[in-house]
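Engineer:
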Amino acid sequence: VTLDLAEYHMFCGGLDGSIFQVDLCSWPVQRDRGFQSEQENGKIFKGHRNQVTCLSASTDGSLLLSGSHDETVRLWDIQSKQCLRTVNYKGPITNAFLTLAPANMLNPDSKPRIPLPKFSRHLHSTENMENSAGEGLTLCLGLHQKGSGESYLERTERLYLQMCSTREKNLRGDQEQLKIQVTELEEEVNTLRKINKSLFDFSSSIITSAK
Numbered sequence: 004v005t006l007d008l009a010e011y012h013m014f015c016g017g018l019d020g021s022i023f024q025v026d027l028c029s030w031p032v033q034r035d036r037g038f039q040s041e042q043e044n045g046k047i048f049k050g051h052r053n054q055v056t057c058l059s060a061s062t063d064g065s066l067l068l069s070g071s072h073d074e075t076v077r078l079w080d081i082q083s084k085q086c087l088r089t090v091n092y093k094g095p096i097t098n099a100f101l102t103l104a105p106a107n108m109l110n111p112d113s114k115p116r117i118p119l120p121k122f123s124r125h126l127h128s129t130e131n132m133e134n135s136a137g138e139g140l141t142l143c144l145g146l147h148q149k150g151s152g153e154s155y156l157e158r159t160e161r162l163y164l165q166m167c168s169t170r171e172k173n174l175r176g177d178q179e180q181l182k183i184q185v186t187e188l189e190e191e192v193n194t195l196r197k198i199n200k201s202l203f204d205f206s207s208s209i210i211t212s213a214k
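In terms of my numbering, the sequence shown is residues 4 to 214.
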């Protein structure tokens with residue numbers, strides 16, 4: 004479903020490939036709008052052979068772009084309902100829309116806002132080639148790490164040792180925490196035993212005094 008820029012017309016794609024045009028400013032206003040192919044030929048775009056998936060109207064309201072599962076994109080003249088152009092693809096169309104072309108696209112004298120350096124056509128300049136005449140080509144990878152003095156294996160070993168050290172510290176910390184928790188539990192058990200003994204003595208004294 005799409006609207007033109009002025010929102011005078013709404014276009015709806017159908018499962019059978021038809022595109023229906025609804026006049027939003029027509030009188031009287033109808034909440035429900037039904038279409039009959041025999042009576043509404045002037046409001047239906049016909050050409051797609053499968054479900055219409057996307058629609059887009061031009062800014063001046065004269066053109067309509069549609070995409071379908073029949074692997075085609077069609078450009079329509081809204082006034083005459085005629086298909087002006089058909090573009091074939093090798094798969095179903097899921098999205099297509101009309102947009103304004105950038106101003107710089109059609110102006111050969113325009114310059115980009117962000118300056119881009121010129122790309123050299125060769126890996127080495129002519130001067131470097133003359134100085135290194137007769138020598139083989141050496142390709143160095145990771146020049147940004149040049150001078151670090153640490154190879155990949157050394158770095159891996161260092162990270163592994165650091166991981167083991169961290170794990171050992173965590174285990175020690177867990178053991179100390181467990182010891183503290185065990186001590187607290189033992190103190191709580193001793194307190195409960197004292198309370199239980201006091202309750203037992205109190206109950207025994209009441210029973211013996213009653214006899």
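Just so it is clear, CB atoms sit at the ideal spot from N, CA and C, and this is done for glycine as well.
If you're wondering where the values come from, they're calculated on a predicted model, not measured in any experiment.
In this structure, does DSSP put T75 in helix, strand or coil?
Structural biologist: DSSP places T75 in strand when its eight states are reduced to three.
Engineer: Please report how far the alpha carbon of F23 lies from the alpha carbon of R52, in whole angstroms.
Structural biologist: Roughly 15 Å between the two C-alpha positions.
Engineer: Once the 5 residues before and after L146 are set aside, which same chain residues still bring their CB inside 7 Å of it?
Structural biologist: Interpretation of L146 is limited by its pLDDT of 48, a score under 50 that renders its predicted location unreliable; no figure is taken from the coordinates.
Engineer: Apart from the five residues just before and just after Y92, which ones in its own chain have a Cβ nearer than 6 Å to its Cβ?
Structural biologist: Closer than 6 Å at Cβ, skipping near neighbours: E74.
Engineer: Taking its Cβ as the centre, do 16 or more other Cβ atoms sit within 10 Å of L58, making it buried, or is it exposed?
Structural biologist: Flag for L58 reads buried.
Engineer: By how many angstroms is the C-alpha of A104 removed from the C-alpha of F48?
Structural biologist: Computed Cα separation, rounded: 26 Å.
Engineer: Which residue's Cα is closest to the Cα of L101: K114, W30 and D63?
Structural biologist: Of the listed residues, the one whose Cα sits closest to L101 is D63.
Engineer: Confirm, please, whether the CB-CB distance from R77 to G50 is below 8 Å.
Structural biologist: Going by C-beta atoms, G50 is nearer than 8 Å to R77.
Engineer: State yes or no: is the C-beta of T97 within less than 8 Å of the C-beta of A60?
Structural biologist: Cβ atoms of T97 and A60: not closer than 8 Å.
Engineer: Given G17, which residues of its chain have a CB within under 8 Å of its CB, disregarding the five upstream and five downstream residues?
Structural biologist: Closer than 8 Å at the Cβ level, and outside the excluded window around G17, lie F23, Q54 and V55.
Engineer: Grouping DSSP H, G and I as helix and E and B as strand, with all else coil, what is S212?
Structural biologist: If DSSP states are grouped into helix, strand and coil, S212 belongs with the helices.
Engineer: With a CB to CB cut of under 7 Å and the five nearest residues on each side skipped, what residues in its chain are close to L87?
Structural biologist: Hits under 7 Å: L78, W79 and D80.
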